[in-house]
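Residue numbers (my numbering): 54 to 265.
Cβ coordinates follow ideal geometry from the N, Cα and C atoms, glycine included.
Quick notes on the structure that follows.
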Amino acid sequence: MTIETMFALLLFLFPLAYSPGPGNLFFAANGARFGFRATLPATLGYHIATAMVTLMIGSGLLAALISSPAVFQLLKWAGAGYMLWIAWGLWRAGGLRASVEARPARFRDGAVLLLLNPKAYVIIAVMFSQFLPPGDAGAAGNPETINAATGDLARVAVITLVFTLNNLLAFSIWTLVGDGLARQFAREPLARQMNRSFALLLAAVAAWMLLI
54 MTIETMFALL
64 LFLFPLAYSP
74 GPGNLFFAAN
84 GARFGFRATL
94 PATLGYHIAT
104 AMVTLMIGSG
114 LLAALISSPA
124 VFQLLKWAGA
134 GYMLWIAWGL
144 WRAGGLRASV
154 EARPARFRDG
164 AVLLLLNPKA
174 YVIIAVMFSQ
184 FLPPGDAGAA
194 GNPETINAAT
204 GDLARVAVIT
214 LVFTLNNLLA
224 FSIWTLVGDG
234 LARQFAREPL
244 ARQMNRSFAL
254 LLAAVAAWML
264 LI
């Protein structure tokens with residue numbers, strides 16, 4: 054991948070990763086309630102799932118799945134329901150800093166968030182359509198065809214790495230923002246309002262997911 058292509062890829066990803074969305078708000082809310090360190094397991098789960106799904110889409114293993122309207126509708130409704138469930142928990146919570154009974158999001162919570170996020174599948178598919186050149190045609194077993202396929206897999210791996218690391222940086226920043234907000238709004242009335250603000254934002258994202 055050339056420097057120019059890498060720069061174009063980063064320009065493509067920047068507004069998508071850093072603007073408010075299901076993942077950003079989820080991690081900002083968890084950072085606010087539990088702190089940056091306690092949110093790390095969910096962050097790890099989300100980005101391992103991101104890398105796996107991106108590799109499978111880029112290599113064509115999920116082509117039939119992501120092109121199925123029925124599967125996409127299922128993802129939309131399941132993802133929206135999951136976001137509403139998270140929003141309801143935030144709405145009912147007390148202060149931003151969680152009580153002893155509450156627990157931070159776990160590894161599997163982060164992974165599930167990615168797997169049920171239809172926006173992620175759309176972004177990944179569009180990204181590969183723009184930045185992965187089509188493979189050369191040729192007969193099976195042709196050395197040129199094998200070399201082209203190997204080159205495509207290498208590009209898929211590079212794009213996956215850039216996409217995952219960019220998301221990791223963006224979500225880490227959002228988690229730190231949530232952590233910082235919790236320190237600024239430490240008093241209980243303000244903390245409750247902040248929690249409910251996150252809940253309303255997540256509910257709005259859930260509604261938006263149904264309109265995709």
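Start and end of the alpha helix (DSSP H) containing residue i?
i	result
Met136	Pro122 to Arg145
Met105	Phe89 to Gly111
So, with DSSP's three-state summary, where would you put residue i?
i	result
Ser72	coil
Ser225	helix
Asn170	coil
Thr58	helix
Phe67	helix
Arg249	helix
Leu264	coil
Arg236	helix
Ala82	helix
Leu254	helix
Ala202	Because Ala202 carries a pLDDT of 44, less than 50, the predicted location of this residue cannot be relied on, and the following value inherits that uncertainty. Here Ala202 sits in helix by DSSP.
Leu114	coil
Leu214	helix
Ala207	helix
Arg269	Nothing can be reported for residue 269, as the shown portion of the chain is limited to 54 through 265.
Ala190	Low confidence applies here, because Ala190 scores a pLDDT of 38, under 50, leaving its location unreliable and the question unanswered by this model.
Relative to the alpha-carbon of residue i, which residue among the options has its alpha-carbon at the smallest distance?
i	options	result
Ala91	Leu229, Tyr174, Gln237 and Ala256	Leu229
Ala173	Asn77, Asp205, Leu114 and Phe60	Asn77
Gly132	Leu166, Ala70 and Phe224	Leu166
Ala252	Leu63, Leu62, Ala81 and Thr55	Ala81
Asp232	Gly88, Thr58, Pro75 and Met59	Gly88
Phe184	Ala210, Leu169 and Leu254	Ala210
Phe181	Gly113, Ala259, Gln246 and Leu137	Gly113
Asn83	Trp144, Val124 and Phe125	Trp144
Phe79	Gly142, Leu264, Gln246 and Ala178	Gly142
Leu264	Trp130, Ile226 and Ala123	Trp130
Ile176	Ser250, Pro68 and Ala123	Pro68
Considering only their Cβ atoms, is the gap separating residue j from residue i smaller than 8 Å?
i	j	result
Asn219	Leu108	no
Arg156	Pro94	no
His100	Thr213	no
Leu206	Gly163	no
Ala259	Ala140	yes
Leu128	Leu169	yes
Pro186	Phe125	no
Ala70	Ala178	no
Leu254	Ala85	no
Val215	Leu62	yes
Arg208	Met54	yes
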